[in-house]
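Under my numbering, think of the first position of the sequence shown as 20, with each following residue one higher.
The beta-carbon is built from N, C-alpha and C at its ideal position, and this holds for glycine as well.
For reference, the structure is listed below as structure tokens.
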Amino acid sequence: MELNTEELKILNGEKGRGRQMAMSLLVDLGVAAKASKMISIKSAHVSGVSPLTGGFGLIKFLEDITRDKECKVSVPTTLNAAGCDEDRITEMDIPYENYLKKQKEILECYEKMGIEMTMSCTPYEVEQKIEKGNAAWAESNAICYANSYTKLRTNRESGLSALASAICGKTPEYGLLLDENRNPNFCVDVVCELETPTDYSILGDWIGKNIPPEWDMPYGPIPCICGIKNDIDYYRRKALSAAAANYGSPMLYLNCSKENKASDCCERKIIFSEKELDKRYSELAPKDDVDLVVIGCPQASYEEIQETEKLLRGVEIPDNRLWIFTSRSNYERAYEEGIVERIETSGAMILKNTCPEVVPYNREKVKHILTNSLKAEHYLTSGLNNIPTSVMRLKNCIEVAATPQKKIEENKKSDIKIIEKSSNKKYKKGACKIFGKGLKSQKEWKVEGEAMVTDVPITFLGYVNRETGKIEEEGHPLDGKTITDKILIFPKGSGSSVAPYVLMELFYRGKGPKAIVNSDLDQQMIPACSLLKIPYAHSFNENPCYEINTRDMIKIELKNQNVELEVMERSDI
């Protein structure tokens with residue numbers, strides 16, 4: 020990859036240690052992606068703000084990079100949602116000691132670097148103000164929305180790579196920044212009527228759950244969704260793209276057209292019917308008492324706040340059982356219009372600067388949450404909070420919030436169904452030697468050990484325990500398995516852009532794998548491996564997820580950026 024004179028100076032450390040770290044990370048990512056050059060970006064959006072999601076890995080990294088006082092962002096950069104509303108910390112009843120202190124430390128580090136303290140997961144909210152061009156955005160829902168409905172182009176950045184791009188003002192030119200990669204790679208045929216935003220949220224999440232693992236999608240699933248209106252409103256677009264992003268979708272198309280090369284994707288098709296919609300609502304309906312109802316994931320727009328206020332007229336919410344999350348800018352607008360006062364007169368609480376999925380709840384009091392968002396459900400049920408979470412439409416959510424300990428008797432007998440993630444992996448016999456690539460910044464390494472292998476992507480945030488290294492995702496082929504000291508082989512990470520900080524914390528705690536091998540380019544894993552010098556391999560001549568078995572004893576070696584992976588001893592079946 021060619022670097023210009025200025026970029027080489029940064030890489031050589033002439034512009035400070037912080038910028039050097041950032042450029043080295045971007046070069047590793049760019050070379051792995053076969054980018055020919057760096058390009059300038061218009062803006063960046065950085066994720067990894069809450070102590071709950073970023074954890075010790077985030078705090079340690081920020082402390083390190085901000086030791087270089089000259090390390091600041093060089094393009095307009097916004098910040099993702101924080102882990103609490105500082106002004107309502109008492110009402111939120113967060114049970115962790117020094118939580119607010121840790122949150123302030125994180126925010127202070129970002130502010131030192133010149134990042135705008137927006138604390139919003141919806142940087143795309145005012146579409147007409149977004150300039151056309153290339154960007155480096157983290158936050159999974161923002162990536163999907165920006166690529167789908169604005170004139171911005173961004174790859175599926177991690178919090179780390181987005182920050183590196185913000186510091187350097189550059190990003191490698193590859194992936195979704197190029198026209199040839201911005202085409203749908205499968206079709207979703209919707210053969211039922213969708214009405215509410217929650218219907219669209221269910222569709223987005225269902226798509227991710229039903230993608231066969233053998234489909235080759237180098238830059239993530241890009242569905243062409245047929246059968247729904249092209250002009251769905253902002254509220255519904257946001258719900259759809261946020262839930263689709265749960266499983267790594269960086270872009271959506273609505274309805275096939277020749278310009279979108281639909282003929283290339285329609286051979287791959289999944290069908291979403293009324294039966295599927297009803298089935299998911301049945302599976303997601305409350306089966307027990309609801310302790311808390313949360314609305315606004317992604318953060319509620321001004322229009323969503325207005326709709327919620329209308330539904331709350333004449334309604335009394337007892338016991339602080341309804342929390343509405345929004346950005347500071349939307350909160351201030353709603354406050355000036357008297358909407359905040361009317362909402363809180365009902366007994367509900369409206370929170371700013373934070374989002375339902377990044378808040379640590381008091382588990383002594385909150386044992387079951389109800390929401391209208393599949394994005395919230397995806398992460399609330401994960402190891403982040405591990406709280407049973409149900410989903411209903413907004414109107415029904417408010418009805419339940421207004422009725423303490425409401426039982427849904429008609430659904431009481433059914434259990435929540437765990438959706439198994441399909442795998443095509445089969446046991447392999449015989450000798451095996453395959454060849455791949457390493458990272459440019461890594462010179463030589465040699466690792467021997469036991470392989471742990473899956474052909475299903477791994478969601479690190481919430482589904483890999485940072486203290487034990489155990490995968491905790493029901494339905495995943497590796498559920499209950501520990502990745503510590505294994506050579507971890509999997510397609511790529513999925514879900515949240517905060518994944519690199521989870522991986523970094525695993526290594527800081529001594530719970531990380533010996534090496535990481537991906538079959539697909541992974542913008543989530545590469546940044547952490549680059550910064551911490553974790554042995555990393557990719558781009559093999561044969562798919563390692565299918566050629567290697569779990570418990571095989573393998574040897575993997577890097578020389579001159581080339582990797583050789585050899586099976587020394589096959590495992591028993």
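For Lys574, the secondary structure class from DSSP, reduced to helix, strand or coil, is strand. Ranking Glu135, Ile134, Glu110 and Cys103 by CA distance to the CA of Lys120 puts Cys103 first. Non-local beta-carbon contacts of Tyr300 in its own chain, meaning distances under 8 Å to residues more than five positions away in sequence, involve Ile221, Val410 and Met411 in chain order. Annotated as proximal: Ile502 and Lys489, with beta-carbon spacing under 9 Å. Taking a cut-off of 8 Å for Cβ pairs, the region 329-336 and the region 377-390 do not touch, as fewer than three such pairs fall below it.
Distance from the CA of Glu158 to the CA of Glu214, rounded to the nearest whole angstrom, comes to 26 Å. In the three-state scheme derived from DSSP, where H, G and I count as helix and E and B as strand, Phe559 is classed as coil. Within its own chain, the residues whose Cβ lies closer than 6 Å to the Cβ of Asp112, once the five positions on either side in sequence are excluded, are Asn381, listed in chain order. About 28 Å separates the beta carbons of Met270 and Arg347, which is beyond the 8 Å limit, so they are not a contact pair. The C-beta of Pro231 has fewer than 16 other C-beta atoms within 10 Å across all chains shown, which makes the residue exposed. For the set Ile290, Val65 and Glu335, the Cα lying nearest the Cα of Met136 is the one of Val65. Collapsing the DSSP output to three states places Cys548 in a helix. Taking all protein chains shown into account, Pro337 has fewer than 16 neighbouring C-beta atoms within 10 Å of its C-beta and is therefore exposed.
With a contact defined as Cβ atoms closer than 8 Å, Asn372 and Phe454 miss out at about 48 Å.
In the DSSP assignment, Cys163 falls within the alpha helix (DSSP H) that extends over Ser159 to Tyr168. Tyr253 places its beta carbon 9 Å or farther from that of Glu326. Fully contained in the region 94-134 are the following beta strand (DSSP E) runs of length 3 or more, in chain order: 96-98. Its chain contains Cys451, Asp571 and Ile573 as the residues whose beta carbon lies nearer than 6 Å to that of Val586, once the 5 sequence neighbours on both sides are disregarded; these appear in chain order. Taking Gly67 as the centre and dropping the five residues before and after it, the same chain places the C-beta of Gly73, Leu77, Gly178, Val517 and Tyr520 closer than 6 Å to its C-beta, in chain order.
Thr173 and Gly402 have their alpha carbons spaced roughly 29 Å apart. Sequence-distant partners of Tyr555 (beyond 5 residues in either direction) whose C-beta falls short of 6 Å from its own C-beta, in its chain, are Leu458, Ile535 and Cys548. Close CB contacts of Ser260 within its chain, under the 8 Å cut and outside five residues either way in sequence, are with Asn160, Cys163, Tyr164, Ser167, Tyr168, Gly223, Ser268 and Leu271 (chain order).
For His64, the uninterrupted beta strand (DSSP E) segment begins and ends at Ser62 to Val65. With respect to the 9 Å criterion, Ile575 and Val466 are classified as neighbours on the basis of their beta carbons. Annotation: Cys243 is outside any alpha helix (DSSP H); the continuous beta strand (DSSP E) that includes it extends over Pro242 to Cys245. Non-local C-beta neighbours of Met42 in its own chain, meaning closer than 7 Å and more than five positions away in sequence, comprise Glu26, Ile29, Leu30 and Cys187, ordered along the chain. In the three-state reduction of the DSSP assignment, Trp225 falls in the helix class. Counting of Cβ neighbours within 10 angstroms places Trp234 among the exposed residues, the total staying below 16.
Taking C-beta separations shorter than 6 Å and ignoring five residues to either side along the sequence, the partners of Arg352 in its chain run Tyr321, following chain order.
Contact annotation: Leu341 and Ala420 have beta-carbon atoms nearer than 9 Å. In this structure, the straight-line span from the alpha carbon of Ala304 to that of Glu396 is close to 12 Å. In this structure Pro476 does not touch Asp504 by the C-beta definition: roughly 22 Å separates them, more than the 8 Å allowed.
In the DSSP assignment, Lys189 falls outside any alpha helix (DSSP H) and lies within the beta strand (DSSP E) extending over Lys189 to Pro191. The three-state secondary structure of Met57, taken from DSSP, is strand. Between the C-alpha atoms of Tyr565 and Leu44 there is a straight-line separation of about 29 Å. Note that the C-beta distance between Ala155 and Ile60 is below 9 Å.
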